[in-house]
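Notes to accompany the following structure.
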Amino acid sequence: IGEKADESAIAAQDPGYCGSCYGGIEPEGGCCNSCEDVRKAYTAKGWAFKNADEIEQCIREGWSEHIREQASEGCNMFGHIEVNKVAGNFHFAPGKSFQQGGVHVHDLSSYQPGTSYDFSHTIHSLSYGQVANFANPLDGHSKSAEKGHYMYQYFVKVVSTKYQFLNGTVINTNQIAVTEHERETGTMGMGLPGVFFNYDISPMLVTYKEYKKPFAHFLTDVCAIVGGIFTVAGLLDSIIYTAEKNFRRKMEIGKAS
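FYI, the numbering for the sequence shown is 3 to 259, going by my numbering.
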């Protein structure tokens, strides 16, 4: 492999170098000068990319070595995604993704057979829309994978929410409700290991409006409380009076006998 790498490196320095696509669909220029170009040619052909050690561009770039070096690494991902207001999903899964026959697929052929995929994860924060002063159910949520091929699915219901404050500030954001499911996919193609977020947009709008009670409402509440106290006091007085009256009657009957 070392001799091949030296030869391909020398060839790549040639301005007229045109790398082979190894049977894949050639790009517009007709040359595959990098390992990524060969992978794209294979994808366009509908082939799995699993012979990197036999492709000079990949040998030159040390592609297989990079894959092995990254086998035990983790990722810290952050950012934002713009989505349409329709049901959909986003996910984190191994392998290069591409569209084939109108289907979204991941190519896992570049990994060694029997590779375990550890999808233990911690969701530090997940929100839809502007961040507001409330906690989302997935903030700080952690999962530890018990086996090497595990699929974690989060089913998220997104509800549009509006906050209206006394100072006139309006915040349009979303609240989410989440249910989750996890299962082992195994090594027989019973699913793609990874972390999947399936979201659905609710047609409802929840509005929270901050307001100040007028003084008349305060007086009404006070009168209602006072009236309740007098009512309860009247009932207690009636009960005590009746009990005392019956007791005295019994005492008088006892003396007479």
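Note that CB positions come from ideal geometry on N, CA and C, so glycine has one too.
Rounded C-alpha distance that separates residue i from residue j
i           : j           : result
residue 102 : residue 27  : 14 Å
residue 184 : residue 196 : 10 Å
residue 49  : residue 95  : 20 Å
residue 86  : residue 131 : 12 Å
residue 18  : residue 192 : 46 Å
residue 329 : residue 126 : Because the chain in this structure spans residues 3 to 259, residue 329 falls outside the shown range and cannot be described.
residue 106 : residue 206 : 30 Å
residue 170 : residue 227 : 33 Å
residue 154 : residue 67  : 29 Å
residue 60  : residue 54  : 6 Å
residue 45  : residue 20  : 19 Å
Buried versus exposed, by CB contacts within 10 Å (16 or more), residue i
i           : result
residue 58  : buried
residue 194 : buried
residue 178 : buried
residue 214 : exposed
residue 210 : exposed
residue 249 : exposed
residue 80  : exposed
residue 92  : exposed
residue 138 : buried
residue 119 : buried
residue 51  : buried
Residue range of the unbroken beta strand (DSSP E) whose run includes residue i
i           : result
residue 201 : 196-211
residue 124 : 123-125
residue 45  : Note, residue 45: premise wrong, no beta strand (DSSP E); alpha helix (DSSP H) at 37-47.
residue 176 : 172-186
residue 144 : 143-145
residue 91  : 90-94
Cut-off 7 Å between Cβ atoms - residues of its own chain near residue i, not counting five sequence neighbours on either side
i           : result
residue 24  : 40 and 57
residue 146 : 122
Supposed close pair residue i, residue j - CB separation, criterion 8 Å
i           : j           : result
residue 140 : residue 156 : 7 Å
residue 200 : residue 158 : 7 Å
residue 43  : residue 34  : 5 Å
Terminal residues of the alpha helix (DSSP H) in which residue i lies
i          : result
residue 59 : 58-63
Neighbourhood of residue i by C-beta, 6 Å cutoff - its chain only, sequence neighbours within 5 removed
i           : result
residue 98  : 109
residue 174 : 164
residue 89  : 202
8 Å CB neighbourhood of residue i in its chain, flanking five on each side removed
i           : result
residue 187 : 151, 152, 153, 193, 194 and 195
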